[in-house]
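Sequential numbering of the sequence shown, starting at 12, is according to this note's numbering. Glycine residues also receive a C-beta, built at the ideal position from the N, C-alpha and C atoms. Quick caveat: nothing in here was measured; it's all calculated off a predicted structure. Take a look at the structure below.
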Amino acid sequence: MKNKKFAAMGLTVLDGYEPRKFRFEQGVTLGKCEVLAGAAFGFQSYMNSGFVRSSVIVGRYCSIGRNVTLGSGAHDLSALSTSPFFQTNSNPPVLKFADPARRIRVLVGHDVWIGDNAYIMSGVTIGDGAVVATGSVVTRDVAPYSIVVGTPAKHFKWRFEDESIRRRLAALRWHEFDPERLKGLDIGQIETAIAEMEAWPASARTHKAVNYQTT
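See below:
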């Protein structure tokens, strides 16, 4: 029943999972994912399976594979113990470390592709258009349109070697355009697609998707 309710809001939830207090725009799809309250996904982004912490924000048009972890746990290595026992309400003197204000976000930009079995550490920002290769562990920020590989993940190459293309894409912020207009682009011809979007009037930048939240 709840999955039908989610579908009416533009959220597709597979495998019967029901996220709580999850913020999203229309067209989001979640597979077998554990999503903590407070996470957010943008328009047309999907995740096949994995774990999402509450401090994670994912942009629009993102593709996230299987068994992906977004956000790492916080354990105070300088304390007496790293056990979560000392971060519960039963231990007020040490609640400072567990305070929500200390949580470090993961920010995933727009049009990001994260491969299977990737692990994104807390505090990381992944720029628009970036690609995280399968099995990579991302411990630091990823530049827009960078392809990163390995453990720890390092820059491998650019999606577009031509720097002018990367600059023009950043200036366009194409994820804000009317989705119906975007469907008509020949996305396989990057120069042509960019030139066409650059010629669009300001009125085409009207995609202000409705934000919903599950209960």
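- Query: Alpha carbon to alpha carbon, how far is His121 from Ile137?
  - Reply: The residue given as residue 121 occupies position 110 in the sequence shown. The residue given as residue 137 occupies position 126 in the sequence shown. Distance between the alpha carbons of His121 and Ile137: 9 Å.
- Item | Complete runs of the alpha helix (DSSP H) confined to the segment 170-217 [at least 4 residues] | Contiguous alpha helix (DSSP H) elements confined to the segment 170-217 occur at 174-183, 190-194, 201-209, taking only those with 4 or more residues.
- Task: Starting from the Cα of Glu36, find the closest Cα among Phe52, Ala48, Cys44, Ala213 and give me that residue.
- Result: Taking the first residue of the sequence shown as 1, we reach residue 36 at position 25. The residue from Phe52, Ala48, Cys44, Ala213 with its alpha-carbon nearest to that of Glu36 is Phe52.
- Assign Leu106 to buried or exposed, taking buried as 16 or more other Cβ atoms, counted over all protein chains shown, within 10 Å of its Cβ. Here the question's residue 106 lines up with position 95 in the sequence shown. Note that Leu106 has pLDDT 45, beneath the 50 cutoff, so the model's placement of it is unreliable and the number below is only indicative. With fewer than 16 Cβ atoms within 10 Å of its Cβ, Leu106 is classed as exposed.
- Go ahead and pull the three-state DSSP assignment for Phe54. For the purposes of this step, residue 54 is taken as residue 43 along the sequence shown, with counting starting at 1. DSSP places Phe54 in coil when its eight states are reduced to three.
- Identify whether Phe96 lies in helix, strand or coil by the three-state DSSP scheme. Taking the sequence shown and counting its residues from 1, one reaches residue 96 at position 85. Phe96 falls in the helix class under three-state DSSP.
- Item | Spatial distance of Gly140 from Asp127 (CA atoms) | As a first step, residue 140 is located in the sequence shown; it is residue number 129 there, counting from the start. As a first step, residue 127 is located in the sequence shown; it is residue number 116 there, counting from the start. Cα to Cα, Gly140 sits roughly 17 Å from Asp127.
- Item | Reference Pro149; option with closest CA among Ser157, Ala129, Lys168, Tyr156 | Translated into the one-based positions of the sequence shown, residue 149 becomes position 138. The sequence given here places Val at residue 149; Pro does not occur at that position. For Val149, the nearest C-alpha among the options comes from Ala129.
- Run through DSSP, which three-state label would Gly33 get? If you number the sequence shown from 1, residue 33 lands on position 22. Per the sequence shown, the amino acid found at residue 33 is Phe instead of Gly. It is coil, neither helix nor strand.
- Could you tell me whether the segment 157-172 touches the segment 76-94, where touching means 3 or more Cβ pairs closer than 8 Å? no
- Task: Per DSSP, which residues does Leu118 bridge with? Please list them.
- Result: Start at 1 with the first residue of the sequence shown, and residue 118 comes out as number 107. DSSP output for Leu118 lists Ile68, Thr136 as bridge partner(s).
- Message: For the beta strand (DSSP E) containing Cys44, name the first residue and the last one.
- Response: Translated into the one-based positions of the sequence shown, residue 44 becomes position 33. It spans 39-46 - the beta strand (DSSP E) in which Cys44 sits, taken as one unbroken run.
- Item | Cβ shell of Asp232 (< 7 Å), same chain only, five flanking positions each side left out | There is simply no residue 232 to check, as the chain begins at 12 and stops at 226 in what is shown.
- Using 10 angstroms around the beta-carbon of Phe33, count the other beta-carbons present and answer buried if the total reaches 16, otherwise exposed. As a position in the sequence shown, residue 33 is number 22, starting the count at 1. Burial call: buried.
- Is the beta carbon of Ala50 sitting closer than 7 Å to the one on Val63? Here residue 50 corresponds to residue number 39 of the sequence shown, with the count starting at 1. Here residue 63 corresponds to residue number 52 of the sequence shown, with the count starting at 1. Yes, these two residues count as a Cβ contact at 7 Å.
- Query: Relative to the C-alpha of Tyr156, which residue among Cys73, Gly84, Arg192, Lys43 is closest?
  - Reply: The residue you call residue 156 lines up with position 145 of the sequence shown. Closest by alpha carbon: Cys73.
- Message: Considering Cα atoms alone, identify which of Ile201, Thr203, Phe188 is closest to Ser214.
- Response: For the purposes of this step, residue 214 is identified with residue 203 of the sequence shown, where counting begins at 1. Residue Phe188 is the option with its Cα nearest to Ser214.
- Closest to Ile125 by CA distance: which of Val117, Ala210, Val143 is it? As a first step, residue 125 must be located in the sequence shown, where it is residue number 114. Nearest of Val117, Ala210, Val143 to Ile125, Cα basis: Val143.
- Residues bridged to Phe62 [DSSP beta-bridge criterion]: Sequence index remark: in the sequence shown, residue 62 carries index 51 (1-based). According to DSSP, which records beta bridges pairwise, Phe62 is partnered with Glu45, Thr80.
- Query: If you draw a straight line from the alpha carbon of Gly146 to that of Ser60, how long is it in whole angstroms?
  - Reply: Taking the first residue of the sequence shown as position 1, residue 146 is located at position 135. Taking the first residue of the sequence shown as position 1, residue 60 is located at position 49. In this model, Gly146 and Ser60 are separated by some 14 Å (Cα to Cα).
- Item | Cβ neighbour criterion (16 or more within 10 Å) applied to His186 | On the sequence shown, residue 186 is found 175 positions in, with the first residue counted as 1. So His186 ends up on the buried side.
- Message: If distances are taken between C-alpha atoms only, which option among Thr80, Pro190, Thr40, Val39 comes closest to Ser66?
- Response: Here residue 66 corresponds to residue number 55 of the sequence shown, with the count starting at 1. Among Thr80, Pro190, Thr40, Val39, the Cα nearest to that of Ser66 belongs to Thr80.
- Task: Compute the Euclidean distance between the alpha carbons of Thr203 and Ile176, then round it to the nearest angstrom.
- Result: Within the sequence shown, residue 203 is the residue found at index 192, counting from 1. Within the sequence shown, residue 176 is the residue found at index 165, counting from 1. Each residue's alpha carbon lies about 11 Å from the other.
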